[in-house]
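Structure, as structure tokens:
Protein chains in written order, with the numbering used here: chain A, 10 to 273; chain B, 10 to 273.
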């Protein structure tokens, strides 16, 4: 592991994307990160707002978006279009050689349309393969891939895919050749014991502790799939995983949650 | 020139993009083209439709779009988002290793916001530099760049840029290292002597003939900037330039207009 090249993968949350100043600060910190890096973003609120402006009613089930054809178009327009290009242009202005990517371009991330069980999620994709070789080629010619949360099925269908899951899948696939640090940035200080208290962040979280906090209801809602992604990535060999506010990108910052293996 | 690698750059017109079957046929033909290739697309009507659905009134002056902030967002969403990603996914399904690109990503095409003279075009960019080295790197790792008509100013501002001009600028910049064939595909058979008669296409068009046809009004409107781009590209060393319907991509097709140097 020591000989692998370090690679940082940063997933940026929707609430930071929606706050112009917070986004600018985040991008500045991201642009200053040394070494190879990749950014992943979603952009839920912008898509919801655009959908509303177009007279569409966003549908959710258990916090997950139901993506019909019209909503898929809105997701592609906002995630892969407006947000991805705006972030790319902003990073370029900071001398960070960003390139906007989706799962479709270069067949970088292929997915399978989720099968209908109890809920028909519509055009939502579960990742099947990450094209690590092609992503490495982009990194090696000096580019900083910025991924929107859009994938494809290889048969011409674009699919909406959870951005947290994309970040984890990239981290796992690239861990074969890189020492990957996976960072989830959002508006809070980390995984909180009490969702109302930003000071209640947990410094180090192992799976047993997570299960306990989940079972007693202290960790819930959107944090569950995020943490499931984290523990899956940890198990699959990702070198370091952390969750916290954008300050996490600055060296010396101690306020965040580190996802750790079970203590022996 | 003989030793340069051939490269085909194809600009696809808006009326073909708007016709699902015509687009599918075009993409099939494009995917079958041998050798290195690049595609460029605009997408005016889709942007106009999205703008209308959002309650925005598109503004034009002399056939050129006036791009205020809201219209720029629509252009980025539709050109760089929906159309670019849909075309990329469709090409991937045809085993063509397309990657969606804009001028911002990889700083591939930088532009300068057009100065206000008589008309304020808004967020419209005139191309300043094409990053031929970075585009060559993408080609050399086996990718087929698909460019939307969005550029950036290097200071974080996205800009709407004429797709015909992007195709010509790419062709000129890449002619240093490639033998470039530049092809403008649209719904007509070529440059027509009589805009109403698709059989009146001109097989070979030189600059003097163009000037004459322009002066007597036989060539007008949107064909003028397109042909100005063609003759500029020819003068700047692009090896071959042609205009015609998508059949032009099939070898053996003789129905199109070839832009030629002045006969001696």
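For each residue, glycine too, the CB sits at the ideal point set by N, CA and C.
Entirely within the stretch 185 to 241 of chain A and at least 4 residues each: give me those alpha helix (DSSP H) ranges in chain order. Entirely contained in the stretch 185 to 241 of chain A, the alpha helix (DSSP H) runs reaching 4 residues are, in chain order, 216 to 224.
Cα-Cα separation, residue 198 of chain A to residue 105 of chain A: Walking along the first chain from the start, residue 198 of chain A turns up at place 189. Walking along the first chain from the start, residue 105 of chain A turns up at place 96. The straight-line gap separating the alpha-carbon atoms of residue 198 of chain A and residue 105 of chain A is approximately 26 Å.
Please list, in chain order, all residues of the same chain as residue 121 of chain A whose beta carbon is under 6 Å from its beta carbon, the five residues on each side excluded. In the first chain, counting from the first residue as 1, residue 121 of chain A sits at position 112. So the list reads 135, 137, once near-sequence residues are dropped.
Chain A beta carbons: is any one of them nearer than 8 Å to that of residue 94 of chain B? Your numbering for residue 94 of chain B matches position 85 in the second chain. So yes, residue 94 of chain B belongs to the interface.
Three-state secondary structure assigned by DSSP to residue 175 of chain A: Your numbering for residue 175 of chain A matches position 166 in the first chain. Judged by DSSP in its simplified three-state form, residue 175 of chain A adopts helix.
Can you tell me whether residue 257 of chain A is helix, strand or coil according to DSSP? For this step, residue 257 of chain A is matched to residue 248 along the first chain. Helix.
Please return the same chain residues whose Cβ sits closer than 8 Å to the Cβ of residue 10 of chain B, not counting the five positions on each side in sequence. Here residue 10 of chain B refers to the residue found at position 1 of the second chain. For residue 10 of chain B, the predicted structure reports a pLDDT of 48, less than 50, and the residue's modelled location is therefore unreliable. A value from the coordinates is still provided. If we look at residue 10 of chain B and ignore the five residues flanking it on each side, its Cβ neighbours are 188, 248.
Cβ-based neighbour list, residue 70 of chain B, same chain, cut-off 7 Å, excluding 5 preceding and 5 following: Along the second chain, read from residue 1 onward, the residue named residue 70 of chain B stands at position 61. Excluding residues within five positions, the ones whose Cβ falls inside 7 Å are 128.
Measuring alpha carbon to alpha carbon, tell me which residue in A:38, A:21, A:174, A:45 is nearest residue 14 of chain A. Taking the first chain and counting its residues from 1, the one referred to as residue 14 of chain A is at position 5. Distances from the CA of residue 14 of chain A to each of A:38, A:21, A:174, A:45 were compared; the closest alpha carbon is that of A:45.
So residue 6 of chain B and residue 171 of chain B are supposed to be a Cβ contact under 8 Å. How far apart are they, rounded? With chain B running from 10 to 273 in the structure shown, residue 6 of chain B is simply not present.
Starting from the beta carbon of residue 167 of chain B, find every residue of chain A whose beta carbon is closer than 8 Å, and list them in chain order. Working through the second chain from its first residue, we reach residue 167 of chain B at position 158. By Cβ distance, chain A contributes 94, 95, 98.
Tell me whether the beta-carbon of residue 160 of chain B lies closer than 8 Å to the beta-carbon of residue 211 of chain B. Sequence index remark: in the second chain, residue 160 of chain B carries index 151 (1-based). Sequence index remark: in the second chain, residue 211 of chain B carries index 202 (1-based). No.
For residue 90 of chain B, does the count of other Cβ atoms within 10 angstroms reach 16, so buried, or fall short, so exposed? For the purposes of this step, residue 90 of chain B is taken as the residue at position 81 of the second chain. Counting Cβ neighbours within 10 Å, residue 90 of chain B comes out buried, since at least 16 surround it.
Please name the residue in B:19, B:151, B:213, B:21 whose C-alpha comes closest to that of residue 272 of chain B. The count along the second chain starts at 1 and reaches residue 272 of chain B at position 263. Residue B:213 is the option with its Cα nearest to residue 272 of chain B.
Indicate the three-state DSSP secondary structure (helix, strand or coil) for residue 251 of chain B in the structure shown. Looking up residue 251 of chain B in the second chain gives position 242. If DSSP states are grouped into helix, strand and coil, residue 251 of chain B belongs with the strands.
CB contact flag (residue 87 of chain B, residue 86 of chain A, <8 Å): By 1-based counting over the second chain, the position of residue 87 of chain B is 78. By 1-based counting over the first chain, the position of residue 86 of chain A is 77. Result yes, Cβ atoms of residue 87 of chain B and residue 86 of chain A sit closer than 8 Å.
Collapsed DSSP secondary structure at residue 39 of chain A in the structure displayed: Position 30 of the first chain holds residue 39 of chain A. Helix.
Cβ closer than 8 Å: which chain B residues qualify as neighbours of residue 171 of chain A? What you label residue 171 of chain A is simply residue 162 of the first chain in a count that begins at 1. One finds nothing in chain B with a Cβ atom closer than 8 Å to the Cβ of residue 171 of chain A; even the nearest lies about 17 Å away.
Strand pairing of residue 161 of chain A, partner residues [DSSP]: Here residue 161 of chain A is taken as the residue at index 152 of the first chain, counted from 1. Bridge partners of residue 161 of chain A: A:119, A:167.
What distance in whole Å lies between the Cβ atoms of residue 178 of chain B and residue 118 of chain B, which are believed to be in contact at a cut-off of 8 Å? One-based indexing of the second chain puts residue 118 of chain B at position 109. One-based indexing of the second chain puts residue 178 of chain B at position 169. Right, their Cβ atoms sit about 7 Å apart.
If you reduce the DSSP assignment to three classes, tell me which class residue 125 of chain A lands in. If you number the first chain from 1, residue 125 of chain A lands on position 116. Note: residue 125 of chain A maps to coil in three-state DSSP.
8 Å Cβ cutoff met for residue 92 of chain B and residue 26 of chain B: Residue numbering aside, residue 92 of chain B sits at position 83 when the second chain is read from its first letter. Residue numbering aside, residue 26 of chain B sits at position 17 when the second chain is read from its first letter. Closer than 8 Å, so yes.
With distances taken from CA atoms, which of A:228, A:67, A:174, A:227 is nearest residue 112 of chain A? Here residue 112 of chain A corresponds to residue number 103 of the first chain, with the count starting at 1. Per the C-alpha coordinates, the member of A:228, A:67, A:174, A:227 positioned closest to residue 112 of chain A is A:174.
Proximal chain B residues relative to residue 86 of chain A, where beta-carbon distance stays under 7 Å: Here residue 86 of chain A is taken as the residue at index 77 of the first chain, counted from 1. Here the neighbours are 86, 87, 90, 91.
For residue 269 of chain A, which residues from the same chain have a beta carbon less than 7 Å from its beta carbon, with the 5 sequence-adjacent residues on both sides left out? Here residue 269 of chain A refers to the residue found at position 260 when the first chain is read from its first residue. Within the same chain, residue 269 of chain A has close Cβ partners 213, 214, 215.
Classify residue 220 of chain A as buried or exposed, calling it buried when 16 or more other Cβ atoms lie within 10 Å of its own Cβ. As a position in the first chain, residue 220 of chain A is number 211, starting the count at 1. Its Cβ having fewer than 16 others within 10 Å, residue 220 of chain A is exposed.
Going by the CB atoms, is the gap between residue 239 of chain A and residue 19 of chain A shorter than 8 Å? Within the first chain, numbered from 1, the residue matching residue 19 of chain A stands at position 10. Within the first chain, numbered from 1, the residue matching residue 239 of chain A stands at position 230. Contact flag unset, no.
Could you give the DSSP three-state label for residue 86 of chain A: helix, strand or coil? For the purposes of this step, residue 86 of chain A is identified with residue 77 of the first chain, where counting begins at 1. Here residue 86 of chain A sits in helix by DSSP.
For residue 50 of chain B, the three-state DSSP class (helix, strand or coil): Residue 50 of chain B sits at position 41 when you count from the first residue of the second chain. In the three-state DSSP reduction, residue 50 of chain B falls in the strand class (E or B).
Name the residue from A:110, A:165, A:232 whose alpha carbon lies nearest to the alpha carbon of residue 152 of chain B. On the second chain, residue 152 of chain B is found 143 positions in, with the first residue counted as 1. Ranked by how close their Cα comes to the Cα of residue 152 of chain B, the residues A:110, A:165, A:232 have A:110 in first place.
Tell me the rounded alpha-carbon separation between residue 28 of chain A and residue 94 of chain A. The residue given as residue 28 of chain A occupies position 19 in the first chain. The residue given as residue 94 of chain A occupies position 85 in the first chain. For residue 28 of chain A and residue 94 of chain A, the distance between alpha carbons rounds to 17 Å.
What do you reckon, are the CB atoms on residue 98 of chain A and residue 165 of chain B nearer than 8 Å? Walking along the first chain from the start, residue 98 of chain A turns up at place 89. Walking along the second chain from the start, residue 165 of chain B turns up at place 156. Contact flag set, yes.
Ordered along the chain, which non-local residues of its own chain (more than five positions away) have a Cβ less than 8 Å from that of residue 141 of chain A? Stepping through the first chain from its first residue, residue 141 of chain A is reached at position 132. Cβ neighbours of residue 141 of chain A beyond the five flanking positions: 182, 183, 185, 186.
Taking a contact to mean a Cβ-Cβ separation below 8 Å, would you say residue 155 of chain B touches residue 251 of chain B in this structure? One-based indexing of the second chain puts residue 155 of chain B at position 146. One-based indexing of the second chain puts residue 251 of chain B at position 242. Residue 155 of chain B is not a Cβ neighbour of residue 251 of chain B, given a cutoff of 8 Å.
Suppose you measure from the CA of residue 260 of chain A to the CA of residue 102 of chain B; what does that come to, to the nearest Å? Position 251 of the first chain, counted from the start, is the residue given in the question as residue 260 of chain A. Position 93 of the second chain, counted from the start, is the residue given in the question as residue 102 of chain B. A direct Cα-Cα distance of roughly 43 Å separates residue 260 of chain A from residue 102 of chain B.
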